[in-house]
Amino acid sequence: MTSRLEGTVALVTGASSGIGHATALELAREGASVALVGRREDRLTDLAAQISDAGGRALVVPADITDAQAATEAVERTVEGLGRLDTLVNNAGLMLLGPAPGANLNDWRRMIDINLMGLMYTAHAAVPHLVKAAAEQPRQVADIVNIGSLAGRAAFAMSAVYSATKFGVGAFSEALRQELTRQHVRVSVIEPGSVDTELRTHNPDVIQQQIVAALGDIERLQSHDIADAVGYIVTRPRHVAVAELLVRPTQQA
Numbered sequence: 001m002t003s004r005l006e007g008t009v010a011l012v013t014g015a016s017s018g019i020g021h022a023t024a025l026e027l028a029r030e031g032a033s034v035a036l037v038g039r040r041e042d043r044l045t046d047l048a049a050q051i052s053d054a055g056g057r058a059l060v061v062p063a064d065i066t067d068a069q070a071a072t073e074a075v076e077r078t079v080e081g082l083g084r085l086d087t088l089v090n091n092a093g094l095m096l097l098g099p100a101p102g103a104n105l106n107d108w109r110r111m112i113d114i115n116l117m118g119l120m121y122t123a124h125a126a127v128p129h130l131v132k133a134a135a136e137q138p139r140q141v142a143d144i145v146n147i148g149s150l151a152g153r154a155a156f157a158m159s160a161v162y163s164a165t166k167f168g169v170g171a172f173s174e175a176l177r178q179e180l181t182r183q184h185v186r187v188s189v190i191e192p193g194s195v196d197t198e199l200r201t202h203n204p205d206v207i208q209q210q211i212v213a214a215l216g217d218i219e220r221l222q223s224h225d226i227a228d229a230v231g232y233i234v235t236r237p238r239h240v241a242v243a244e245l246l247v248r249p250t251q252q253a
């Protein structure tokens, strides 16, 4: 364990797998106590044990943040259980691809609910605690890191609503950044390209095959690559803010 985040508390949504799992480990390695938020409690419990075994501190917070009250309660449980909140990583997300004509409207709603509304609900609940943390020791700065996507910079066929949610994440992040910057709450958005996670496995086999064919045999990003980017952002000195970070596989066009 290192100590750049010693004495701070982080909350990571979607911590049960992929980028969220790797990010929780990264922040714990930097010395933060970490609240693990997600719907799969068994996986969160395993992750908490992994962090504890390495000398860190973790709190399991099962929650479905698509419900505004549940998102608020997850933040409150974090503050009650770990004492404060310095860092929020909004990672939970869903990617359901396919043609817009004839699409299942429930799939659209699910993506909007988790990718956009869940992120907003959690940020809304967290902001007062982050402002308070930024005014106090140990670091006098706080962070919101929102995980966007390359699809939030350029829209692609078959990803109309997914792209719409991720464009929304970018817009929300930038506006919130401007509102909080004088209070030393930094708001950042990370936009990954193709990452080798379970995200694409929520799609039908035919869509998964199309994704693989479109990417070819490139070496894709791993979850720890994005976790490393989160770690970089939140460990910058108080006067340094990284507002936007695009991370692509080297071979991705």
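Residue numbers for the sequence shown follow full-length UniProt numbering, beginning at 1 and rising by one. Each residue gets a CB set at the ideal place from its N, CA and C atoms; glycine is no exception.
Task: V34 versus A10, T45, A135, residue with shortest Cα-Cα distance - done: A10
TODO: Compute the Euclidean distance between the alpha carbons of P62 and F156, then round it to the nearest angstrom.
DONE: 33 Å
Task: CB contact flag (I190, V247, <8 Å) - done: yes
Open item on the list: Which same chain residues end up closer than 7 Å to R77 when comparing Cβ atoms and leaving out the 5 residues on each side of it in sequence?
Closed with: V61
- [ ] Kindly indicate the opening and closing residues of the beta strand (DSSP E) around E136.
- [x] Looking at the DSSP string, E136 is not in any beta strand (DSSP E), and its letter there is neither H nor E.
- [ ] Quick one: measure Cβ to Cβ for residue 302 and T13, integer angstroms, because I've assumed they're closer than 8 Å.
- [x] Only positions 1 to 253 of the chain appear in the structure, and residue 302 is not among them; the question remains open.
- [ ] Count the other CB atoms, across all protein chains shown, that sit within 10 Å of the CB of residue 278; report buried if there are 16 or more and exposed otherwise.
- [x] Residue 278 lies beyond the stretch modelled for the chain, which goes from 1 to 253, so this question has no answer here.
Task: Close-in-space but distant-in-sequence residues of the same chain around M158 (CB under 7 Å, 5 per side omitted) - done: L97, G98, P99
TODO: Taking V9 as part of the beta strand (DSSP E), name the residues at either end of that continuous run.
DONE: 9-13
Task: Cβ neighbours of S3 in the same chain (closer than 6 Å, five flanking residues each side left out) - done: G31
Open item on the list: What ranges does the alpha helix (DSSP H) occupy inside the segment 73-128, keeping only unbroken runs of at least 4 residues that lie completely in it?
Closed with: 105-111
- [ ] Kindly indicate which residue of Q183, L130, A160 has the alpha-carbon position closest to the one of G102.
- [x] A160
Task: Limits of the beta strand (DSSP E) - the one that L44 falls within - done: Where L44 is concerned, there is no enclosing beta strand (DSSP E), although the alpha helix (DSSP H) it sits in stretches over 41-53.
- [ ] Mark V234 as exposed unless 16 or more other C-beta atoms lie within 10 angstroms of its C-beta, in which case mark it buried.
- [x] buried
TODO: Taking D228 as the reference, give the member of G18, E6, T8 with the closest Cα.
DONE: G18
Task: Member of R29, R236, D53, S52 whose CA lies at the smallest distance from the CA of V185 - done: R236
Open item on the list: At the level of alpha carbons, what is the spacing between residue 278 and M111?
Closed with: Any property of residue 278 remains undetermined from this structure, which presents the chain solely from 1 to 253.
- [ ] Specify whether the segment 211-225 and the segment 119-128 touch according to this definition: at least 3 beta carbon pairs, one from each stretch, less than 8 Å apart.
- [x] no
Task: Sequence ranges, beta strand (DSSP E) only - wholly within the segment 138-189, length at least 3 - done: 142-147
- [ ] Out of L5, D86, Q178, E26, state which residue places its alpha-carbon closest to the alpha-carbon of I226.
- [x] E26
Open item on the list: Is A155 close to the ligand ADP? I mean its beta-carbon at under 7 Å from any heavy atom of the ligand.
Closed with: This structure does not include the ligand ADP; it has no bound ligands of any sort.
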